[in-house]
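Worksheet: the structure to be examined is printed underneath.
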Amino acid sequence: EAQVTQNPRYLITVTGKKLTVTCSQNMNHEYMSWYRQDPGLGLRQIYYSMNVEVTDKGDVPEGYKVSRKEKRNFPLILESPSPNQTSLYFCASSFLGQGRGDIQYFGAGTRLSVL
Amino acid sequence: AQSVTQLDSHVSVSEGTPVLLRCNYSSSYSPSLFWYVQHPNKGLQLLLKYTSAATLVKGINGFEAEFKKSETSFHLTKPSAHMSDAAEYFCVYPGAGSYQLTFGKGTKLSVIP
């Protein structure tokens, strides 16, 4: 089954404790991205990647890191989480064959609380 | 800057009545545009996609959207709402010249029995 898998689904942590949210897709998609969703703000793009070792900042990259060492994986790293990073996070992937307008496939989301 | 604006944060309709969710875009050319739906506690799912092949786009679950360049709009409609349509809907614009995606702030649709 084609899917984007995020782990964990729920995470509670404390300020300053490094964490990683994993994202994996099995569709051989070139494009992967991370979003955060906050009430009243919709989804905002954090980082995206167009292929292995190619990443770029989205609208809200501060406080986040990403890496793309393998095509299928795109982990989101919070080196020193803060309470304002409490949010619902989504990973998504798509082909690049039709350009930037291709269909995004979303993971089920990771709900993060930073105390 | 190019963007999308969803004109209503919340829309409430009775079951069986028409649905209209409004989206305006800001762009100097005819862009690609998407509508995605998010059901409670779920990820986002594509409803439909406009890529300039046809101005009236049909999507899943009876939804459709019409691209109107003169009005810079891409409103989502459905003739008859069903209880299962209750969800949040996002208008999405893939920005020109980059691979960033811009989401509207979302419209929460409530369907009253």
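Which chain is which? The protein sequence lines are A and B, in order. Going by our numbering, the first sequence opens with residue 2, and the numbers climb by one from there. Going by our numbering, the second sequence opens with residue 1060, and the numbers climb by one from there. From the three backbone atoms N, C-alpha and C, an ideal C-beta is built for every residue, glycine too.
Cα-Cα, which of the options is closest to residue i?
i, options, result
"V15(A)", "P82(A), P76(A), A93(A)", "P82(A)"
"Q26(A)", "A93(A), D103(A), R112(A), I104(A)", "A93(A)"
"A1146(B)", "N1083(B), F1162(B), F1133(B), N1100(B)", "N1100(B)"
"K1127(B)", "T1114(B), P1138(B), I1119(B)", "T1114(B)"
"Q1159(B)", "G59(A), S95(A), I78(A), G17(A)", "G59(A)"
"P1090(B)", "A1112(B), M1142(B), S1071(B), S1169(B)", "A1112(B)"
"Y106(A)", "L113(A), M28(A), I78(A)", "M28(A)"
"E54(A)", "Y48(A), S68(A), G64(A)", "S68(A)"
"G108(A)", "G64(A), I13(A), V22(A)", "V22(A)"
"T6(A)", "G17(A), I13(A), W35(A)", "W35(A)"
"Q86(A)", "Q4(A), A3(A), I104(A), I47(A)", "I47(A)"
"F96(A)", "G64(A), G110(A), Y49(A), E80(A)", "Y49(A)"
"P9(A)", "R45(A), D39(A), P76(A), T56(A)", "P76(A)"
What's the C-alpha gap between residue i and residue j?
i, j, result
"P62(A)", "G1075(B)", "43 angstroms"
"A1140(B)", "N1083(B)", "22 angstroms"
"V1080(B)", "F91(A)", "Looking at the sequence shown, residue 1080(B) is not Val but Leu. Taking the straight line from one Cα to the other gives about 23 angstroms."
"L1135(B)", "F1122(B)", "7 angstroms"
"E71(A)", "F1149(B)", "30 angstroms"
"T1161(B)", "Y1152(B)", "5 angstroms"
"E31(A)", "G41(A)", "30 angstroms"
"S1085(B)", "L1066(B)", "13 angstroms"
"C24(A)", "M51(A)", "15 angstroms"
"S88(A)", "N74(A)", "21 angstroms"
"D1144(B)", "K19(A)", "39 angstroms"
"G1165(B)", "G17(A)", "31 angstroms"
"K66(A)", "P1172(B)", "45 angstroms"
"K1117(B)", "L1107(B)", "7 angstroms"
"S1073(B)", "I78(A)", "44 angstroms"
"R112(A)", "G1102(B)", "12 angstroms"
"S1062(B)", "E2(A)", "34 angstroms"
"Y1109(B)", "T1131(B)", "13 angstroms"
"G110(A)", "G64(A)", "19 angstroms"
Around the Cβ of residue i, are there at least 16 other Cβ atoms within 10 angstroms (buried) or fewer (exposed)?
i, result
"R37(A)", "buried"
"M33(A)", "buried"
"K1137(B)", "buried"
"G100(A)", "Reliability of the predicted coordinates at G100(A) is poor, the pLDDT of 49 falling under 50, and the value obtained from them is presented with this limitation in mind. Per the 10 Å Cβ criterion, exposed."
"S1068(B)", "exposed"
"A1124(B)", "buried"
"Y11(A)", "exposed"
"L44(A)", "buried"
"L116(A)", "exposed"
My guess is that residue i and residue j are in contact by the Cβ rule of under 8 angstroms, so how many angstroms apart are they, rounded?
i, j, result
"M1142(B)", "V1170(B)", "5 angstroms"
"L1092(B)", "F1133(B)", "5 angstroms"
Problem set entry | Interfacial residues, the segment 45-61 of chain A to chain B, with Cβ spacing under 8 angstroms | Contact annotation: in the segment 45-61 of chain A, residues whose CB is within less than 8 angstroms of a CB in chain B are R45, Q46, Y49, M51, D57, G59, D60.
Problem set entry | Proximal residues, the segment 1088-1102 of chain B versus chain A, C-beta separation under 9 angstroms | When C-beta distances to chain A are compared with 9 angstroms, the residues of the segment 1088-1102 of chain B below that value are P1090, S1091, L1092, F1093, Y1095, Q1097, N1100, K1101, G1102, in chain order.
For this session: Would you list, in chain order, the members of the segment 20-46 of chain A that have their beta-carbon closer than 8 angstroms to a beta-carbon of chain B?
Result: For the segment 20-46 of chain A, the set of positions with a beta-carbon nearer than 8 angstroms to some beta-carbon of chain B reads Y32, S34, Y36, G41, L42, G43, L44, R45, Q46 in chain order.
Problem set entry | Selection of the segment 1105-1130 of chain B by Cβ proximity to chain A, strictly under 8 angstroms | L1105, K1108, T1110
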